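To keep things clear, I will list the structure first and then write my remarks on it.
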Ligand SMILES: Cc1ncc(COP(=O)(O)O)c(C=O)c1O
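Numbering (this note's numbering), first residue to last: 1 to 369.
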C-alpha cells in the first residue's frame with residue numbers, strides 16, 4: 001500500500017487548525033496509547049491533564065476568581081481553590097457539554113438556550129442532541145451580539161446565554177459583561193465560546209474571561225491557536241458544580257465517575273495540550289498574537305488598496321468581498337479558502353500563515369482579477 005502523507009499547510013488560509021508546536025508533537029507521540037478517560041488506571045496522563053487545565057485556568061482568569069490554581073484540577077470538594085474542567089475532543093464537545101451542564105443544573109421543563117447568530121454551528125448540534133430549543137439572536141452591524149436582543153429573548157425557561165469571544169467568521173468579541181448580567185438576571189448560566197480566540201485575547205484589552213465578568217463556563221481550544229495537536233479542546237467551569245452536573249457513575253472502571261462526553265479519550269491530545277501550554281504560555285503566545293496582529297493589519301491594508309471592502313480587523317481574521325470568480329480562481333490555484341455565510345472570504349491568520357504566504361496570495365490575486 002502506498003504510504004499516505006498529510007497535506008502541507010502552505011496554502012491553507014481559512015482553517016483554524018495549524019502546525020503544532022514540536023513539544024506538543026513529541027508529547028503526543030509518547031502518550032498515544034493511554035486513556036485519560038480512566039485516570040485511576042492512567043495516572044500519568046491524568047496528571048498532565050490537571051496541569052493543562054490549571055494553565056488554562058490561569059490564562060482565562062479562573063485562578064483569580066477561585067483562588068490559587070495548584071494543578072489539582074477539579075479535585076477539591078468545596079468548589080473553590082482549583083480549576084474545574086477537562087480537555088475535550090474539541091470546541092464542539094466543550095460547547096455541547098456546557099449546554100448539557102446548564103440544562104442539568106437548572107432542571108426546567110422545555111429548556112431553551114439563547115445564542116447569537118454569530119455562534120458556531122456546534123450549538124445547533126448541542127441543541128439537537130440535548131433536546132433544548134435554540135433561540136438565535138441577531139448581531140449588530142459589526143457582527144457582535146446585540147444585548148437588547150438577547151435580553152428580549154431570555155425567559156424563565158432559558159438555561160444558558162452564549163457569548164462569543166472571537167467569532168469564527170469575523171473574529172468579533174461580544175459584550176460579555178452585559179450578556180452575563182442578562183443571563184444571571186434570568187437565573188440562567190453564561191457560557192463564553194473562546195474556542196478560537198482564547199489564546200489571543202489575553203494580550204488585548206477585551207473583557208472576556210472569568211475575572212472580567214461572572215462567566216460560568218468557557219470553551220478554549222488548545223488545538224486551535226494553542227498550537228497543540230488534534231484532538232484538544234478545553235472546557236472550564238467557574239464552579240465544581242459544573243463538572244458534577246456532567247458526571248455519571250462508571251462501574252467496571254478503576255475510576256468511579258466520568259464527566260467527559262466520550263469514554264476513551266486521546267492521551268495524545270491531552271499530553272500535546274499540556275506540552276504546548278508549558279512551552280508557550282505566556283511569552284510564546286504573546287509573540288504569536290503580536291505577529292498575527294501585524295500581519296493581518298498589513299494584509300487588510302493591501303486588500304483595501306486594491307479596492308476591496310475589508311471590515312476592521314479585531315483579532316487576526318481578515319474578511320474581504322472578493323467576487324465569486326476571484327474566489328474560485330484562487331481556489332483553482334490551490335489556495336484553501338472559504339467564505340462566511342453571507343459571502344465574503346475569510347482568511348484566518350494562524351501561526352502557519354506568514355507574510356510571505358500572503359504576498360503569494362496577493363500576487364495571484366493581481367493576476368486573476
Ligand atoms: C468559536 C468556535 N467554537 C467552536 C468551534 C468548534 O470546534 P471544533 O471544530 O474543535 O469542534 C469552532 C471551530 O472553528 C469555533 O470557531
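From the three backbone atoms N, C-alpha and C, an ideal C-beta is built for every residue, glycine too. These figures come from a predicted structure and were not determined experimentally.
{"Query": "I'd like the list of long-range same chain contacts for residue 335, defined as Cβ closer than 8 angstroms, with 5 residues on each side in sequence excluded.", "Result": "11, 13, 361 and 364"}
{"Query": "Mark residue 2 as exposed unless 16 or more other C-beta atoms lie within 10 angstroms of its C-beta, in which case mark it buried.", "Result": "exposed"}
{"Query": "Across which residues does DSSP place residue 189 in a beta bridge pair?", "Result": "160"}
{"Query": "If we require 3 or more residues per run, which beta strand (DSSP E) segments fall completely within the stretch 274 to 349?", "Result": "317 to 320 and 345 to 348"}
{"Query": "Which ranges would you report for the beta strand (DSSP E) in the stretch 70 to 141 if only whole runs of at least 3 residues count?", "Result": "84 to 88, 112 to 116 and 133 to 137"}
{"Query": "Tell whether a beta-carbon distance below 8 angstroms holds between residue 96 and residue 261.", "Result": "yes"}
{"Query": "Terminal residues of the continuous beta strand (DSSP E) containing residue 234?", "Result": "233 to 237"}
{"Query": "DSSP three-state call for residue 200: helix, strand or coil?", "Result": "coil"}
{"Query": "In whole angstroms, give me the CA-to-CA distance for residue 280 and residue 155.", "Result": "42 angstroms"}
{"Query": "For the pair the stretch 163 to 171 and the stretch 270 to 289, tell me if three or more CB-CB distances fall below 8 angstroms.", "Result": "no"}
{"Query": "On a CA-only basis, which of 367, 201 and 325 is nearest residue 171? Give me that one, please.", "Result": "201"}
{"Query": "Taking its Cβ as the centre, do 16 or more other Cβ atoms sit within 10 Å of residue 367, making it buried, or is it exposed?", "Result": "exposed"}
{"Query": "Compute the beta-carbon to beta-carbon distance between residue 331 and residue 322, rounded to the nearest angstrom, for a pair I have assumed lies under 8 angstroms.", "Result": "In fact, because the Cβ distance is near 11 angstroms, the residues do not count as touching under 8 angstroms."}
{"Query": "Quick one: grab the DSSP three-state call for residue 218.", "Result": "strand"}
{"Query": "Run the proximity test for residue 196: is its beta-carbon closer than 7 angstroms to any non-hydrogen atom belonging to ligand 1?", "Result": "yes"}
{"Query": "Go ahead and label residue 138 buried or exposed: buried means 16 or more other beta carbons lie within 10 angstroms of its beta carbon, across all protein chains shown.", "Result": "exposed"}
{"Query": "Return the CA-CA distance between residue 190 and residue 135, expressed in angstroms with no decimal places.", "Result": "14 angstroms"}
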